[in-house]
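Protein chains in written order, with our numbering: chain A, 41 to 157; chain B, 16 to 164.
Backbone N, C-alpha and C fix where the C-beta goes; we use that ideal spot for every residue, glycine too.
It should be emphasised that the depicted structure is a prediction, and the values quoted were computed from it without experimental measurement.
Right, one structure below, let's go through it.
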């Protein structure tokens, strides 16, 4: 059942983005920014964590999940360090993802070359 | 003859483009859903290996980012993305793709201002808006809950 839930909700989030691309001509960069910010806001409103409970990776793998991790990190940071946690909590929680993206991004850019042009 | 075939061609094209959005929608839903299922598989496996919930989430992200970067480098992801659209953009795979793709493309501009700078063309705004909104949200949360200094 967790696999079906992940498929249904993850696919749903992608389908909404596809509709935005087709009908509003939004660029992928704007979609990604919109999704991250939406994930952050929904998490602070207390709406996103229940979705993670139900849909698992269907809610955490899409970019809204990145926003969710940032916001959860900030909330956790506030609990542990007070005001300092507002600043430090987000990246602490997302350190692995961002470091991995930058390192592997750099590594694969070194190994491979663009096929177009 | 040529004129006719051109007309036929346009007819064919317009027939194909009549409702591309439905086709795009189905593609995006299925591919995006499939990537999340893959993520769920990694997450479940990581939890079974005894990792705590948060670490299992990190391992899932790292694995998907690695795979997406590799497939981007091999040129496979772009082929899937051509059909899948938002299905490959919205999952974390799209974030990794947005880093690797421009980094490869601008390699000829050097390793500092080419690879080093251009890898953040799309990832940069995502991180900027993600962090700024989380700090603003955090401040409001802090004030409302009356957290300690």
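- Query: Taking Cβ positions, are residue 130(B) and residue 43(A) nearer each other than 8 Å?
  - Reply: Not a contact, by the Cβ cut-off of 8 Å.
- Taking 8 Å as the cut-off, decide whether the C-beta atoms of residue 58(B) and residue 96(A) are in contact. yes
- Message: Just verifying my parser: in three-state terms, what is the DSSP assignment at residue 67(B)?
- Response: coil
- Message: Taking beta-carbon pairs under 7 Å, can you tell me which members of the region 74-93 of chain A lie near chain B?
- Response: 75, 76, 77, 80, 81 and 84
- Item | CB-CB length for residue 98(A) against residue 46(A), believed under 8 Å | Taking C-beta atoms under 8 Å as the contact rule, residue 98(A) and residue 46(A) qualify, at a distance of about 4 Å.
- Would you please verify whether the beta carbon of residue 64(A) is less than 8 Å from any beta carbon of chain B? Cβ-Cβ to chain B under 8 Å: no for residue 64(A).
- Give the DSSP bridge partners of residue 102(A), in chain order. 106(B)
- Task: Please check the pair residue 87(B) and residue 115(B), which I expect to be a contact at CB under 8 Å, by giving their CB distance rounded to whole angstroms.
- Result: Right, the Cβ-Cβ distance comes to about 4 Å (below 8 Å), so this counts as a contact.
- Element boundaries [alpha helix (DSSP H), containing residue 210(B)]: Because chain B here runs from 16 to 164, residue 210(B) falls outside it and cannot be looked at.
- Residues that residue 132(A) contacts on chain B, provided the C-beta gap is smaller than 7 Å: Those do not exist, as residue 132(A) stays about 11 Å from chain B at its closest Cβ, beyond 7 Å.
- Say whether chain A places a C-beta atom closer than 8 Å to the C-beta of residue 60(B). Not closer than 8 Å to any Cβ of chain A, the Cβ of residue 60(B) fails to qualify, so no.
- Message: Please confirm whether residue 125(B) has its beta-carbon closer than 8 Å to some beta-carbon of chain A.
- Response: no
- Do three or more CB pairs link the region 65-81 of chain A to the region 139-155 of chain B at distances below 8 Å? Between the region 65-81 of chain A and the region 139-155 of chain B, the count of Cβ pairs shorter than 8 Å is three or higher; the stretches touch.
- Inter-residue Cα distance where the pair is residue 62(A) and residue 104(B): 14 Å
- What's the gap between the Cα of residue 64(A) and the Cα of residue 56(A)? When only Cα atoms are considered, residue 64(A) and residue 56(A) end up about 11 Å apart.
- Query: Do the region 76-90 of chain A and the region 98-112 of chain A make contact, defined as three or more Cβ pairs closer than 8 Å?
  - Reply: The region 98-112 of chain A and the region 76-90 of chain A touch, with three or more beta-carbon pairs separated by less than 8 Å.
- In the region 33-63 of chain B, which residues sit with their C-beta less than 9 Å from some C-beta in chain A, listed in chain order? 35, 36, 39, 40, 41, 42, 43, 44, 45, 46, 47, 48, 49, 50, 51, 52, 53, 54, 55, 56, 57, 58 and 59
- Message: Please classify residue 67(B) as buried or exposed, where buried requires at least 16 neighbouring CB atoms within 10 angstroms.
- Response: exposed
- Item | Cutoff 8 Å: residue 104(B) Cβ touching any chain A Cβ | yes
- Message: Under 9 Å, CB to CB, which of the residues in the region 136-150 of chain B have a partner in chain A?
- Response: 136, 137, 138, 140, 141, 142, 143, 144, 145, 146, 147, 148, 149 and 150
- Query: Which residues bound the alpha helix (DSSP H) around residue 49(A)?
  - Reply: 42-64
- Item | Given residue 43(B) as reference, the closest of 120(B), 99(B) and 152(B) once Cα atoms are compared | 99(B)
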